[in-house]
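First up is the structure itself, then whatever we jot down about it.
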Amino acid sequence: ENSLLRQVSSLLRRLPAIESERFQDDFL
Amino acid sequence: MDIEQKQAEIIDQFVKRASTCKGEALAPIVLEATSNPSLFAFSEILAVPSVAELDGTSNSVYLDVLRLFAHGTWADYKCITGRIPELVPDQVLKLKQLTVLTLAETNKVLPYDSLMQELDVTNVRELEDFLINECMYAGIVRGKLDQLKRCFEVQFAAGRDLRPGQLGNMMLTLSNWLNTSENLLVSIQEKIKWADKMGEFEKKHRKEVEERVEEVKKSLS
Amino acid sequence: EEQALIIREKLADLYESEQQWSKAAQMLSGIDLDSGMRAVDDNFKLSKCIQIARLYLEDDDAVNAEAFINKASFLVSNSQNEVLNLQYKVCYARILDMKRKFLEAALRYYDISQIEKRQIGDEEIDENALEQALSAAVTCTILAGAGPQRSRVLATLYKDERCSKLKIYPILQKVYLERILRKPEIDAFAEELRPHQKASLPDKFTVLDRAMIEHNLLSASKLYTNIRFDELGTLLGIDPQKAEKIASKMIYEDRMRGSIDQVEAVIHFEDDTEELQQWDHQISGLCQALNDILDGMAKKGL
Numbered sequence: 001e002n003s004l005l006r007q008v009s010s011l012l013r014r015l016p017a018i019e020s021e022r023f024q025d026d027f028l
Numbered sequence: 001m002d003i004e005q006k007q008a009e010i011i012d013q014f015v016k017r018a019s020t021c022k023g024e025a026l027a028p029i030v031l032e033a034t035s036n037p038s039l040f041a042f043s044e045i046l047a048v049p050s051v052a053e054l055d056g057t058s059n060s061v062y063l064d065v066l067r068l069f070a071h072g073t074w075a076d077y078k079c080i081t082g083r084i085p086e087l088v089p090d091q092v093l094k095l096k097q098l099t100v101l102t103l104a105e106t107n108k109v110l111p112y113d114s115l116m117q118e119l120d121v122t123n124v125r126e127l128e129d130f131l132i133n134e135c136m137y138a139g140i141v142r143g144k145l146d147q148l149k150r151c152f153e154v155q156f157a158a159g160r161d162l163r164p165g166q167l168g169n170m171m172l173t174l175s176n177w178l179n180t181s182e183n184l185l186v187s188i189q190e191k192i193k194w195a196d197k198m199g200e201f202e203k204k205h206r207k208e209v210e211e212r213v214e215e216v217k218k219s220l221s
Numbered sequence: 001e002e003q004a005l006i007i008r009e010k011l012a013d014l015y016e017s018e019q020q021w022s023k024a025a026q027m028l029s030g031i032d033l034d035s036g037m038r039a040v041d042d043n044f045k046l047s048k049c050i051q052i053a054r055l056y057l058e059d060d061d062a063v064n065a066e067a068f069i070n071k072a073s074f075l076v077s078n079s080q081n082e083v084l085n086l087q088y089k090v091c092y093a094r095i096l097d098m099k100r101k102f103l104e105a106a107l108r109y110y111d112i113s114q115i116e117k118r119q120i121g122d123e124e125i126d127e128n129a130l131e132q133a134l135s136a137a138v139t140c141t142i143l144a145g146a147g148p149q150r151s152r153v154l155a156t157l158y159k160d161e162r163c164s165k166l167k168i169y170p171i172l173q174k175v176y177l178e179r180i181l182r183k184p185e186i187d188a189f190a191e192e193l194r195p196h197q198k199a200s201l202p203d204k205f206t207v208l209d210r211a212m213i214e215h216n217l218l219s220a221s222k223l224y225t226n227i228r229f230d231e232l233g234t235l236l237g238i239d240p241q242k243a244e245k246i247a248s249k250m251i252y253e254d255r256m257r258g259s260i261d262q263v264e265a266v267i268h269f270e271d272d273t274e275e276l277q278q279w280d281h282q283i284s285g286l287c288q289a290l291n292d293i294l295d296g297m298a299k300k301g302l
């Protein structure tokens with residue numbers, strides 16, 4: 001099911017959700 | 001999901017057309033598919049028997065074009081320019097859009113310099129216009145442009161067709177997610193138990209202190 | 001007074017037939033509607049005030065028109081005459097439009113466009129008229145100052161199915177989706193505007209220019225974490241200093257979040273939500289995407 005596989009591929013790229021210094025400070 | 005929904009019908013149409021053609025008759029279908037502004041996936045068309053049969057024939061270039069669009073990038077095209085027909089502007093645009101999706105597979109933050117190099121763009125304005133108009137407004141990526149850090153922070157990128165061998169990595173990532181999630185849930189459960197226990201201890205201690213105070217008061221009076 | 005009234009009305013009719021609207025209005029405004037000598041019906045007063053306002057509007061005289069519509073405001077709430085009430089609404093909307101109170105005008109035009117009756121008194125309400133009112137609502141919303149209030153009205157209009165049939169729909173869609181508008185689109189939109197909607201402002205921008213620049217600035221704030229002023233000027237098609245000025249005004253008026261670093265000549269666009277909330281939002285999006293995949297798998301029997 002190519003369509004589902006593409007969606008899963010896109011899903012996997014959603015994490016990490018944010019990569020920024022400002023976020024790291026807030027997250028900590 | 002939106003991209004997949006939009007292109008599902010288009011994929012079906014091209015698959016049906018490709019199924020009824022053979023050999024050179026597939027050339028215009030390949031050109032149309034790789035130029036279509038709403039189509040970013042080509043695995044289904046590649047899977048059509050008549051398309052797969054192009055391999056090793058005099059028309060195998062059309063198969064190569066489809067494979068390039070399914071898995072390749074603009075840099076890959078530059079390496080094989082002599083071997084496949086020259087791409088028309090709409091195809092060039094699409095291949096560059098797909099290149100951005102490939103770059104977003106490995107990095108969440110895409111530096112302008114590497115984007116400009118990969119896409120053969122000479123200045124920041126042109127790059128940003130491309131990312132805004134052809135990628136973000138086309139719905140294939142979402143993100144924020146950072147001029148100070150000269151990078152594009154990707155929040156969402158549509159999925160491309162899977163390359164051979166990619167499935168293993170995907171399963172590994174999902175497996176890692178599962179393990180991390182399970183460990184985290186166990187950790188949270190332990191914290192909840194600990195918090196409950198501390199709460200109980202606190203209550204008991206408070207009661208003991210209050211009883212002791214009462215005793216002392218009685219003995220004094 | 002009765003005779004003077006009749007003469008004034010006849011003269012006004014003559015002026016109207018010669019399209020001398022302001023003169024017709026002036027003739028009618030000489031009628032003493034508050035006379036102590038004779039009883040004047042409230043409906044009559046209301047109809048005269050509205051008629052005068054409409055005549056002034058034909059000559060684009062919003063100031064005088066407003067004076068009379070304000071008089072009508074005191075009478076309209078007690079009026080049972082549906083025709084006059086409708087005329088009052090249309091007049092008021094047009095005055096707000098001419099005075100560039102675009103958001104208020106848009107809401108009133110939209111209200112008018114939703115009239116269900118097709119016959120009010122002797123007047124037939126045709127679909128074209130309602131479509132024009134709806135189109136006017138969209139135009140005014142697009143011209144209104146970019147910000148949260150406008151966004152709410154845009155959402156209402158965009159979700160109204162009738163708007164998808166309007167000629168102006170493509171630009172409404174782009175404005176609602178907060179996309180940058182390019183010159184050809186702006187020029188096409190400008191062709192549909194009335195003169196007062198393209199009038200020049202003291203800062204040498206036109207009403208349309210100002211609306212488009214503010215919209216594009218807000219659109220840029222959705223695309224960029226930060227942007228240099230010279231790049232922003234290029235994007236908006238204006239001087240970097242003017243871009244900075246308009247940006248600072250919008251931030252000051254709380255229509256856009258951000259901060260300006262004049263030393264580095266950069267504008268930082270703050271997100272509406274804190275980083276952690278933004279993170280929550282991303283996680284939520286991921287869960288939604290996961291659900292969609294699971295639904296897709298279920299549909300295919302996987």
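Chains as they are written, first to last, in this note's numbering: chain A, 1 to 28; chain B, 1 to 221; chain C, 1 to 302. We put the CB at the ideal spot given by N, CA and C, even for glycine.
*Cβ-based contacts, 9 Å cut-off: residues of the segment 266 to 286 of chain C near chain A*: Listed by position along the chain: Glu274, Glu275, Leu276, Gln278, Trp279, Asp280, His281, Gln282, Ile283, Gly285 and Leu286.
*Rounded to whole angstroms, what's the CA-CA distance from B/Arg160 to C/Asp295? Just pull it up for me.*
Indexing the second sequence from 1 puts residue 160 of chain B at position 160. Indexing the third sequence from 1 puts residue 295 of chain C at position 295. B/Arg160 and C/Asp295: Cα-Cα distance of roughly 20 Å.
*Where the beta strand (DSSP E) through C/Tyr110 begins and ends*: Locating residue 110 of chain C in the third sequence gives position 110, where the first residue counts as 1. Unbroken run through C/Tyr110 is the alpha helix (DSSP H), Phe102 to Ser113; no beta strand (DSSP E).
*Using a C-beta to C-beta distance shorter than 7 Å, which residues of chain C count as neighbours of B/Gln155?*
As a first step, residue 155 of chain B must be located in the second sequence, where it is residue number 155. Within chain C, the residues near B/Gln155 are Gln282.
*From what residue to what residue does the beta strand (DSSP E) around B/Lys144 run?*
Taking the second sequence and counting its residues from 1, the one referred to as residue 144 of chain B is at position 144. Unbroken beta strand (DSSP E) run through B/Lys144: Val141 to Asp146.
*Quick one: does B/Gln147 have its CB under 8 Å from some CB of chain C?*
By one-based count along the second sequence, residue 147 of chain B stands at place 147. Chain C, which has a Cβ nearer than 8 Å to the Cβ of B/Gln147, makes this yes.
*Taking only runs that begin and end inside the segment 157 to 216 of chain C, name each unbroken alpha helix (DSSP H) of 4 or more residues, in chain order.*
Counting whole runs of 4 or more residues, the segment 157 to 216 of chain C contains the alpha helix (DSSP H) stretches 169 to 176 and 183 to 190.
*Indicate whether at least one CB of chain D lies closer than 8 Å to the CB of B/Tyr112.*
Looking at the structure shown, chain D is missing, and the protein chains on hand are A, B and C.
*Under 8 Å, do C/Ala265 and C/Arg228 count as touching if we go by C-beta distance?*
One-based indexing of the third sequence puts residue 265 of chain C at position 265. One-based indexing of the third sequence puts residue 228 of chain C at position 228. Taking 8 Å as the Cβ cut-off, C/Ala265 and C/Arg228 qualify as a contacting pair.
*Which of the three DSSP states, helix, strand or coil, is assigned to C/Glu228?*
Stepping through the third sequence from its first residue, residue 228 of chain C is reached at position 228. The residue you asked about is not Glu; residue 228 of chain C is Arg in the sequence shown. Strand at C/Arg228.
*For the segment 93 to 124 of chain B, list the alpha helix (DSSP H) runs that are entirely contained and at least 4 residues long, ordered along the chain.*
112 to 119
*Is it buried or exposed for B/Phe201, if we count other Cβ within 10 angstroms and need 16 for buried?*
Walking along the second sequence from the start, residue 201 of chain B turns up at place 201. Looking at its Cβ environment, which holds fewer than 16 other Cβ atoms inside 10 Å, B/Phe201 is exposed.
*Would you tell me roughly how many angstroms separate the C-alpha atoms of B/Met171 and C/Thr234, rounded to the nearest one?*
Your numbering for residue 171 of chain B matches position 171 in the second sequence. Your numbering for residue 234 of chain C matches position 234 in the third sequence. Cα to Cα, the separation comes out at about 45 Å.
*C/Glu2 - DSSP class collapsed to helix/strand/coil*: For the purposes of this step, residue 2 of chain C is identified with residue 2 of the third sequence, where counting begins at 1. Residue state, collapsed to three classes: helix.
*Is the beta carbon of C/Ile213 less than 8 Å from the beta carbon of C/Ile238?*
As a working mapping, residue 213 of chain C is identified with position 213 in the third sequence. As a working mapping, residue 238 of chain C is identified with position 238 in the third sequence. Taking 8 Å as the Cβ cut-off, C/Ile213 and C/Ile238 qualify as a contacting pair.
*Kindly confirm or deny that the segment 44 to 59 of chain C and the segment 15 to 25 of chain C touch, where touching means at least three C-beta pairs closer than 8 Å.*
yes
*Is the beta carbon of B/Thr34 sitting closer than 8 Å to the one on B/Thr73?*
Translated into positions along the second sequence, residue 34 of chain B becomes position 34. Translated into positions along the second sequence, residue 73 of chain B becomes position 73. Going by C-beta atoms, B/Thr34 is not nearer than 8 Å to B/Thr73.
*Quick one, which of C/Asp203, C/Glu82, C/Phe205 and C/Ile168 has its alpha-carbon nearest C/Glu192's?*
Residue 192 of chain C sits at position 192 when you count from the first residue of the third sequence. Measuring from the Cα of C/Glu192, the nearest candidate turns out to be C/Ile168.
*Which residues, in chain order, does the segment 3 to 27 of chain A contribute to contact with chain B at a C-beta distance below 9 Å?*
Ser3, Leu4, Leu5, Arg6, Gln7, Val8, Ser9, Ser10, Leu11, Leu12, Arg13, Arg14, Leu15, Pro16, Ala17, Ile18, Glu19 and Ser20
*Go to B/Phe152, then tell me how far its alpha helix (DSSP H) extends in each direction, as first and last residue.*
On the second sequence, position 152 is the one that residue 152 of chain B refers to. Not the alpha helix (DSSP H): B/Phe152 falls in the beta strand (DSSP E), residues Cys151 to Ala157.
*So C/Val266 is in the beta strand (DSSP E); what residue range does that whole segment cover?*
By 1-based counting over the third sequence, the position of residue 266 of chain C is 266. Residues Val266 to His268.
*Smallest Cα separation from A/Arg22: which of C/Ala146, C/Gln278 and C/Pro148?*
Translated into the one-based positions of the first sequence, residue 22 of chain A becomes position 22. Measuring from the Cα of A/Arg22, the nearest candidate turns out to be C/Gln278.
_Pairwise C-alpha distance: C/His215 and C/Arg194_ = Position 194 of the third sequence holds residue 194 of chain C. Position 215 of the third sequence holds residue 215 of chain C. Approximately 20 Å, taken between the alpha carbons.
*To which residues of the same chain is B/Leu26 closer than 8 Å at the C-beta, ignoring the five residues directly before and after it?*
Numbered from its first residue, the second sequence carries residue 26 of chain B at position 26. Contacts found: Ala18, Ser50, Val51, Leu54, Asn59 and Tyr62.
*asked:* Between B/Val195 and chain A, is any beta-carbon pair separated by less than 8 Å?
replied: Here the question's residue 195 of chain B lines up with position 195 in the second sequence. Here the sequence assigns Ala to residue 195 of chain B, which means Val is not the residue at that position. False, the Cβ-Cβ gap to chain A never drops below 8 Å.
*Give me the Cβ distance between B/Lys96 and B/Phe69, rounded to the nearest whole Å; I'm assuming they're in contact under 8 Å.*
Along the second sequence, read from residue 1 onward, the residue named residue 96 of chain B stands at position 96. Along the second sequence, read from residue 1 onward, the residue named residue 69 of chain B stands at position 69. Not really, about 11 Å apart at Cβ, beyond 8 Å.
*Hey, could you find the ends of the alpha helix (DSSP H) C/Ile125 is sitting in?*
As a working note, residue 125 of chain C is residue 125 in the third sequence. Boundaries cannot be given for C/Ile125, as no alpha helix (DSSP H) includes it and DSSP labels it neither H nor E.
_Residue span of the beta strand (DSSP E) that contains C/Asp261, given as start and end_ = For this step, residue 261 of chain C is matched to residue 261 along the third sequence. Ser259 to Asp261 is the span of the beta strand (DSSP E), which, as asked, contains C/Asp261.
_Tell me the rounded alpha-carbon separation between B/Gly82 and B/Asp2._
Working through the second sequence from its first residue, we reach residue 82 of chain B at position 82. Working through the second sequence from its first residue, we reach residue 2 of chain B at position 2. Straight-line Cα distance between these residues: approximately 36 Å.
_Considering just the uninterrupted stretch of the alpha helix (DSSP H) at B/Cys21, what are its terminal residues?_
Along the second sequence, read from residue 1 onward, the residue named residue 21 of chain B stands at position 21. No alpha helix (DSSP H) contains B/Cys21, which DSSP labels as neither H nor E.
*Put C/Arg20 into one of helix, strand or coil per three-state DSSP.*
Position 20 of the third sequence holds residue 20 of chain C. Note on residue identity: the sequence assigns Gln, not Arg, to residue 20 of chain C. C/Gln20: coil per DSSP, three-state reduction.
*Are the segment 1 to 11 of chain C and the segment 21 to 32 of chain C touching by the rule of at least three beta carbon pairs closer than 8 Å?*
yes
*How about C/Ala136 and C/Tyr158: are their beta carbons less than 8 Å apart?*
The count along the third sequence starts at 1 and reaches residue 136 of chain C at position 136. The count along the third sequence starts at 1 and reaches residue 158 of chain C at position 158. Their beta carbons are not under 8 Å apart, which means C/Ala136 does not touch C/Tyr158 by this criterion.
_Residues near B/Ala157 by beta carbon distance below 6 Å, same chain, minus five either side_ = Translated into positions along the second sequence, residue 157 of chain B becomes position 157. Here the set comprises Leu101, Ala104 and Val141.
*In terms of residues, what are the limits of the alpha helix (DSSP H) holding B/Pro49?*
Residue mapping note: residue 49 of chain B aligns to position 49 of the second sequence, counting from 1. First-last of the alpha helix (DSSP H) with B/Pro49: Pro49 to Ala52.
*Sequence-distant residues of its chain with Cβ nearer than 7 Å to C/Asn226 (five each side left out)*: To locate residue 226 of chain C, count along the third sequence from 1; it is residue 226. Cβ within range, chain order: Val266, Ile267, His268 and Phe269.
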